[in-house]
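J.: One structure follows; several queries about it will come next.
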Amino acid sequence: MENLINFFKGMVIGIANIIPGVSGGTMAVVLNIYDKLISSVSGILRDWKKNLIFLLPIGIGAGTGIVLFSKLIKTLLENKPIPTNFFFIGLILGSIPMIRKKALESKFKASSIIPFAITFGVLIALAVIMPPETNATIIRNLTVNSFIQLLLAGIIGASAMVVPGISGSFILLLIGLYTTAITAVAEFNIPLLIPIALGAIIGLIFTTKVIDKLLRRFPQPTYFAILGLVIGSVFSIYPGFTLNMDGIIAIVAMIVGIILAYFLGSDKK
């Protein structure tokens, strides 16, 4: 049963990574598996059997979510962007009490406000950056140059994906490779997916090791930094609001997201 639950949690993380502005790391926090996910990936070689049992269903779920829902998410974002984004805003808002609780497990130190302010400020800055990928050329054939480009895209995208509040898709937009990546997934273009996947593995392992050390050595400042990233990410995906039928649906979607985040993120004893 736990493996099945982790599979579906992985699907949510995978779907989140498709959407520019939405972070797979944030969804892992929402689902209350972020710490264990970071620890398992970082220490995969220490206790590989135990970590693999935990990671495999999440990884398969994430891959399934990306492959099955890339076209659906693209359609929803094109036709119903406001309700879709408000649902994810609800998920993010619903996770804040849980992150705050983790951040305050030890006695509060005023200095922890500094990492919160820095990460919150970074996300606000990212929110006002207009993605330059307006006339980006879509890579369809694998060459030495495109292999290196896609490998780097995988490294950068996966590294960003691990950090709550930082969207791997948004970073790919900024470097002009989002359309290539999402098209390769939607068309299941294996030659293009291979360097992306290799880069993602490299980026994932490196970044998780750094975050794992921070969580172990400086838990409160790290959680306050995560809190700043998570709250700041709302501004990255806020699509605007108009009080019409789409607006009403968006409010309902946000409430559903908040409730869902509360139940998914609550500790099950």
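If you're matching positions, the sequence shown starts at 1437 in my numbering and goes up one per residue. The beta-carbon is built from N, C-alpha and C at its ideal position, and this holds for glycine as well.
Suppose you measure from the CA of Trp1484 to the CA of Ser1531; what does that come to, to the nearest Å?
T.: To locate residue 1484, count along the sequence shown from 1; it is residue 48. To locate residue 1531, count along the sequence shown from 1; it is residue 95. For Trp1484 and Ser1531, the distance between alpha carbons rounds to 30 Å.
J.: For my contact list, Gly1604 and Ala1594 are in at a C-beta cut-off of 8 Å; report their separation, rounded to the angstrom.
T.: Position 168 of the sequence shown, counted from the start, is the residue given in the question as residue 1604. Position 158 of the sequence shown, counted from the start, is the residue given in the question as residue 1594. That pair is a contact at about 6 Å.
J.: How is the alpha helix (DSSP H) around Val1670 delimited, first residue to last?
T.: The residue labelled residue 1670 in the question sits at position 234 within the sequence shown. Per DSSP, Val1670 belongs to the alpha helix (DSSP H) from 1655 to 1673.
J.: In whole angstroms, what is the alpha-carbon distance linking Leu1663 and Phe1552?
T.: On the sequence shown, residue 1663 is found 227 positions in, with the first residue counted as 1. On the sequence shown, residue 1552 is found 116 positions in, with the first residue counted as 1. Between Leu1663 and Phe1552, the C-alpha separation is close to 7 Å.
J.: Among Arg1482, Ile1560, Gly1479, Gly1446, which one has its Cα closest to the Cα of Asn1468?
T.: Looking up residue 1468 in the sequence shown gives position 32. Among Arg1482, Ile1560, Gly1479, Gly1446, the Cα nearest to that of Asn1468 belongs to Gly1446.
J.: Would DSSP call Leu1512 helix, strand or coil?
T.: Position 76 of the sequence shown, counting from 1, holds the residue named residue 1512. Three-state result, Leu1512: helix.
J.: With a cut-off of 8 Å on the beta carbons, I'd call Gly1639 and Ile1592 a contact; round off their distance for me.
T.: Residue 1639 sits at position 203 when you count from the first residue of the sequence shown. Residue 1592 sits at position 156 when you count from the first residue of the sequence shown. About 7 Å separates the two Cβ atoms, so the contact holds.
J.: Once DSSP output is grouped into helix, strand and coil, what is the label at Asn1468?
T.: For the purposes of this step, residue 1468 is taken as residue 32 along the sequence shown, with counting starting at 1. Here Asn1468 sits in coil by DSSP.
J.: Rounded C-beta distance between Thr1644 and Ser1459? I'm assuming under 8 Å.
T.: Here residue 1644 refers to the residue found at position 208 of the sequence shown. Here residue 1459 refers to the residue found at position 23 of the sequence shown. Actually they do not touch by this definition, with Cβ atoms about 15 Å apart.
J.: For Ile1535, which residues from the same chain have a beta carbon less than 8 Å from its beta carbon, with the 5 sequence-adjacent residues on both sides left out?
T.: Here residue 1535 refers to the residue found at position 99 when the sequence shown is read from its first residue. Leaving aside the five residues that flank Ile1535 on each side, the residues in its chain whose CB is nearer than 8 Å to its CB run, in chain order, Val1465, Tyr1659, Ile1662, Leu1663, Val1666.
J.: Under three-state DSSP, which class holds Glu1541?
T.: The residue given as residue 1541 occupies position 105 in the sequence shown. Correct three-state label for Glu1541: coil.
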